[in-house]
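Report on the following structure.
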Amino acid sequence: MTTFSQKLQSLYAGDAERVAVTLQHSGQPDLPVSYRQLLRGAHAYAQTYARWKIEPGEVVILILQHGEDLVYSFWGAILHGAIPSIMPFLTEKLAPERYRADLAALISVTRPAAVVTYPEFESEVRSALQEGDSVRAVILTDKLEAQSDPDFDSLPGMKCSPEDIVLLQHSSGTTGLQKGVALSHRAVFNQLEAYGRALDLNEKDVIVSWLPLYHDMGLIAGFLMPILSGIPLVLSSPFDWVRAPYKLMQSVSQYKGTLSWLPNFAFNFCSQKIRDRNLEGVDLSSWRAVINCSEPVRFESHQAFYERFKSYGLKWEALQCSYAMAENVFGVTQTDSARPPKVEQIDREAFMIERVARPPLEGQPAMLMMSSGRPITNTRVRILDEHGREVPERKIGEVALHSDCMLTEYYNRPDATRKAFLDGWCLTGDYGYVSGGEVFVSGRKKDMIIVGGKNVYPQDLESLTYEVSGVHAGRSVAFGMFNEEAGTEDVVIIAEVESEDAAQQEKIADAIRQHVTRNSAIALRYVKVVGPKWILKTSSGKTARSANKEKFLKELEEQNQ
Amino acid sequence: MSDIQSVVSTYVSTSILKQPKRIISNNEPLISSGLIDSFSLVDLALFVEDTFSVHIDDTELNVQTFDTLDQLANLIQSRQSK
Numbered sequence: 001m002t003t004f005s006q007k008l009q010s011l012y013a014g015d016a017e018r019v020a021v022t023l024q025h026s027g028q029p030d031l032p033v034s035y036r037q038l039l040r041g042a043h044a045y046a047q048t049y050a051r052w053k054i055e056p057g058e059v060v061i062l063i064l065q066h067g068e069d070l071v072y073s074f075w076g077a078i079l080h081g082a083i084p085s086i087m088p089f090l091t092e093k094l095a096p097e098r099y100r101a102d103l104a105a106l107i108s109v110t111r112p113a114a115v116v117t118y119p120e121f122e123s124e125v126r127s128a129l130q131e132g133d134s135v136r137a138v139i140l141t142d143k144l145e146a147q148s149d150p151d152f153d154s155l156p157g158m159k160c161s162p163e164d165i166v167l168l169q170h171s172s173g174t175t176g177l178q179k180g181v182a183l184s185h186r187a188v189f190n191q192l193e194a195y196g197r198a199l200d201l202n203e204k205d206v207i208v209s210w211l212p213l214y215h216d217m218g219l220i221a222g223f224l225m226p227i228l229s230g231i232p233l234v235l236s237s238p239f240d241w242v243r244a245p246y247k248l249m250q251s252v253s254q255y256k257g258t259l260s261w262l263p264n265f266a267f268n269f270c271s272q273k274i275r276d277r278n279l280e281g282v283d284l285s286s287w288r289a290v291i292n293c294s295e296p297v298r299f300e301s302h303q304a305f306y307e308r309f310k311s312y313g314l315k316w317e318a319l320q321c322s323y324a325m326a327e328n329v330f331g332v333t334q335t336d337s338a339r340p341p342k343v344e345q346i347d348r349e350a351f352m353i354e355r356v357a358r359p360p361l362e363g364q365p366a367m368l369m370m371s372s373g374r375p376i377t378n379t380r381v382r383i384l385d386e387h388g389r390e391v392p393e394r395k396i397g398e399v400a401l402h403s404d405c406m407l408t409e410y411y412n413r414p415d416a417t418r419k420a421f422l423d424g425w426c427l428t429g430d431y432g433y434v435s436g437g438e439v440f441v442s443g444r445k446k447d448m449i450i451v452g453g454k455n456v457y458p459q460d461l462e463s464l465t466y467e468v469s470g471v472h473a474g475r476s477v478a479f480g481m482f483n484e485e486a487g488t489e490d491v492v493i494i495a496e497v498e499s500e501d502a503a504q505q506e507k508i509a510d511a512i513r514q515h516v517t518r519n520s521a522i523a524l525r526y527v528k529v530v531g532p533k534w535i536l537k538t539s540s541g542k543t544a545r546s547a548n549k550e551k552f553l554k555e556l557e558e559q560n561q
Numbered sequence: 001m002s003d004i005q006s007v008v009s010t011y012v013s014t015s016i017l018k019q020p021k022r023i024i025s026n027n028e029p030l031i032s033s034g035l036i037d038s039f040s041l042v043d044l045a046l047f048v049e050d051t052f053s054v055h056i057d058d059t060e061l062n063v064q065t066f067d068t069l070d071q072l073a074n075l076i077q078s079r080q081s082k
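Sequence lines, in order, name chains A and B.
Here the first sequence is numbered in this note's numbering, starting from 1 and rising by one per residue.
Here the second sequence is numbered in this note's numbering, starting from 1 and rising by one per residue.
Now the structure itself:
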């Protein structure tokens with residue numbers, strides 16, 4: 001078994017001039033980075049960490065945008081034997097105070113020794129630090145040691161054991177205490193081996209990605225896997241992609257990309273928001289797998305994507321699915337790349353009431369389910385009932401998994417780690433069923449909303465509304481509503497206020513929209529402010545999200561009639 | 001000039017915010033306030049391009065050029081007069 005640093009050493013010893021990653025920035029020429037350059041850049045960071053007396057095994061938080069510094073600071077931490085963790089950068093719509101509070105909470109749990117950021121962002125980071133906390137260094141990107149070829153023998157990262165924690169991946173959550181998924185070298189390599197085999201990953205592959213590196217899909221599939229496997233990577237940023245989705249197609253065409261991963265909504269987004277003039281000369285025939293992952297997968301999204309791009313060479317069988325989670329490093333299942341994912345109709349009523357997935361009877365309402373594929377070779381999947389007992393095929397229950405690539409722990413969170421496991425099996429919190437050895441994921445155990453690949457807890461959004469003047473605690477409800485057109489969920493918030501005055505209600509709706517978005521970076525599709533006694537409560541006084549959602553949908557329907 | 005603002009304003013309140021009655025003032029921040037999220041930004045750009053026959057570059061979809069109806073109207077007008 002090898003470690004990250006040893007693997008880098010062998011890639012460097014192989015063909016150091018080979019391009020490891022091509023970095024794309026809107027409005028700038030593409031920047032190819034060879035393995036030699038990657039290691040020189042990383043070495044500058046490794047020596048900077050050493051200068052600041054960061055010890056191997058200590059955590060380094062990276063608060064950087066897409067670009068060379070993010071890449072080098074990550075691999076520099078690896079060479080130094082430190083544990084890198086990439087955090088999202090402050091965006092224009094998130095309130096700086098909230099960002100600061102989240103960062104301070106993260107620091108108190110994760111106890112990093114250093115934070116790496118830009119000089120322009122230093123004061124922001126410093127304002128989140130507290131007297132006596134763990135951070136000994138705020139390392140700035142303009143105060144680094146010089147780049148030089150590494151002398152591997154002298155690097156602390158070469159002394160790591162495969163069981164050591166190699167990185168932390170922070171699961172997304174809007175507010176409050178975050179959980180850092182701690183992964184070992186061994187777990188990552190076991191995942192890459194099994195997932196790579198499921199994909200038939202080979203030296204002819206080229207991975208094209210715009211996914212953020214603070215998320216498992218971007219970090220593993222769109223960063224670590226290609227770089228550690230010697231597969232060329234073309235990497236841009238989510239910030240650029242969302243403004244110019246056509247660039248993904250142009251990059252695949254230009255670099256003969258073979259593999260990409262996208263959350264479900266991106267299939268819809270690309271099929272709706274790209275003009276023909278931006279696709280002139282584009283050839284997508286090299287794409288052998290575009291993998292739908294990290295949100296519930298929808299057959300309709302694949303259809304729309306295929307219809308839009310088939311005349312540019314896109315193959316139908318290239319549209320694939322995976323079910324993945326950071327707790328298993330990344331992939332849990334993957335569909336067979338030789339054919340399109342299995343799609344089946346199930347009876348809606350049996351699904352809702354009996355919790356079983358079976359073919360609909362003649363004339364009964366049905367729902368379409370698309371397979372996420374079979375478990376990869378090192379991972380076993382079981383479906384459990386509420387007592388933790390395995391259920392038969394086609395019964396819906398919680399997905400549990402066991403593998404040789406599970407997380408070591410939630411970093412410094414023994415409480416959360418205990419809760420995540422049952423007899424050595426990792427509980428995913430997702431509902432689903434197995435049929436013919438394939439896993440179909442059907443929903444979340446908790447009321448979690450998944451919007452654009454990002455997980456949001458409704459209670460976090462509800463708490464934020466209570467901070468708005470005029471809204472009382474316990475008097476709002478947040479839920480997700482599937483948007484067929486967007487291929488993802490829209491966020492709805494309903495808040496009850498004393499005033500029945502429409503103008504006053506509109507004003508509060510605006511305030512809620514602004515406050516919630518600024519403090520969660522989640523855009524709200526519907527904000528409905530209502531008079532007293534609108535919101536339905538359970539007998540114990542709790543807000544019943546699903547009942548309120550039904551009521552809202554009914555009113556919306558009546559309005560549209 | 002005010003025509004541009006009102007056309008864009010109607011589009012934003014109806015199609016993006018789904019609050020047709022919502023009035024947007026000409027200097028109200030749209031992006032930095034969180035009113036328009038990044039996913040809707042490209043919709044707005046496509047709408048502007050189609051409606052006013054101007055070209056908007058993706059590098060322009062940011063707070064500096066796109067935050068208020070007035071800023072947007074200025075951008076559209078400067079393109080149209082070329």
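Just so it is clear, CB atoms sit at the ideal spot from N, CA and C, and this is done for glycine as well.
The alpha-carbon separation between A/Phe-223 and A/Leu-361 amounts to approximately 46 Å. Against chain B, the beta carbon of A/Gln-514 has neighbours under 9 Å at Ser-33, Gly-34 and Leu-35, listed in chain order.
Judged by pairs of C-beta atoms under 8 Å, the segment 3-21 of chain B touches the segment 62-79 of chain B, as three or more such pairs exist. Closest in C-alpha terms to A/Gly-437, from the list A/Ile-376, A/Gln-250 and A/Ala-544, comes A/Ile-376.
Boundaries of the alpha helix (DSSP H) harbouring A/Glu-557: 545-560, taken from the DSSP string.
If you compare the alpha carbons of A/Asp-151, A/His-66, A/Ile-78 and A/Ser-108 with that of A/Tyr-118, the shortest gap goes to A/His-66.
With a cut-off of 8 Å on Cβ pairs, the segment 21-33 of chain A is not in contact with the segment 44-53 of chain A, counting fewer than three such pairs. Taken in chain order, the complete beta strand (DSSP E) segments of 3 residues or longer contained in the segment 121-178 of chain A are 137-140 and 165-170.
Annotation: Cβ neighbours of B/Leu-46 in chain A (cutoff 7 Å, chain order): Lys-273. Of A/Leu-70, A/Ala-77 and A/Glu-68, the smallest CA-CA separation from A/Lys-53 is found for A/Ala-77. For A/Ser-184, the CB contacts under 7 Å within the same chain, skipping 5 residues up- and downstream, are Pro-162, Glu-163, Asp-164, Ile-165, Val-166 and Thr-408 in chain order. Listed in chain order, the non-local C-beta contacts of A/Pro-150 below 6 Å within the same chain comprise Leu-39 and His-43, local neighbours out to five positions each way being set aside.
The C-alpha of A/Ala-198 is placed about 30 Å away from the C-alpha of A/Pro-88. The alpha helix (DSSP H) runs lying completely inside the segment 374-442 of chain A and spanning 4 residues or more are 414-420, given in chain order.
Across the structure, A/Glu-349 and A/Leu-524 are spaced so that their CA atoms are roughly 30 Å apart. Rounded to whole angstroms, the Cβ separation of A/Ala-101 and A/Val-135 is 16 Å, and the two are not in contact under 8 Å.
Taking C-beta atoms as the reference points, A/Leu-94 and A/Ala-521 count as a pair closer than 8 Å. Ranked by how close their Cα comes to the Cα of A/Tyr-195, the residues A/Ser-337, A/Ser-171, A/Tyr-312 and A/Arg-545 have A/Ser-337 in first place. Counting only residues of its own chain and dropping the five nearest sequence neighbours on each side, A/Tyr-99 has a CB closer than 7 Å to the CB of Leu-90. Taking 8 Å as the cut-off, the beta carbon of A/Val-471 is found no closer than this to the beta carbon of A/Ile-535. According to the DSSP assignment, A/Lys-247 belongs to the alpha helix (DSSP H) that extends over 246-255. Within the same chain, and ignoring the five residues on either side of A/Gln-505 in sequence, the residues whose Cβ sits closer than 7 Å to its Cβ are Val-497, Ser-499 and Val-529.
Between the segment 473-482 of chain A and the segment 542-555 of chain A there are three or more inter-stretch CB-CB distances shorter than 8 Å, so the stretches are counted as touching. Taking a cut-off of 8 Å for Cβ pairs, the segment 238-253 of chain A and the segment 271-286 of chain A touch, as three or more such pairs fall below it. In chain order, Val-242 and Arg-243 make up the part of chain A whose C-beta sits under 9 Å from the C-beta of B/Leu-41.
Of all residues in the segment 52-72 of chain B, those with a C-beta nearer than 7 Å to a C-beta of chain A are Asp-58, Thr-59, Leu-61 and Val-63, reading in chain order.
In summary, A/Val-527 is buried, with 16 or more beta-carbon neighbours lying within 10 Å of its beta-carbon over all protein chains present. With fewer than 16 other beta carbons inside 10 angstroms of its own, B/Lys-18 counts as exposed. With a threshold of 16 other beta carbon atoms within 10 Å, A/Glu-131 falls short and is exposed. What A/Glu-92 touches in chain B, judged by beta-carbon distance under 7 Å, is Ile-31, Ser-32 and Val-63, going in chain order.
Here the segment 456-465 of chain A does not lie against the segment 226-245 of chain A, with fewer than 3 beta-carbon pairs under 8 Å apart.
Distance from the CA of A/Asp-430 to the CA of A/Asp-501, rounded to the nearest whole angstrom, comes to 42 Å.
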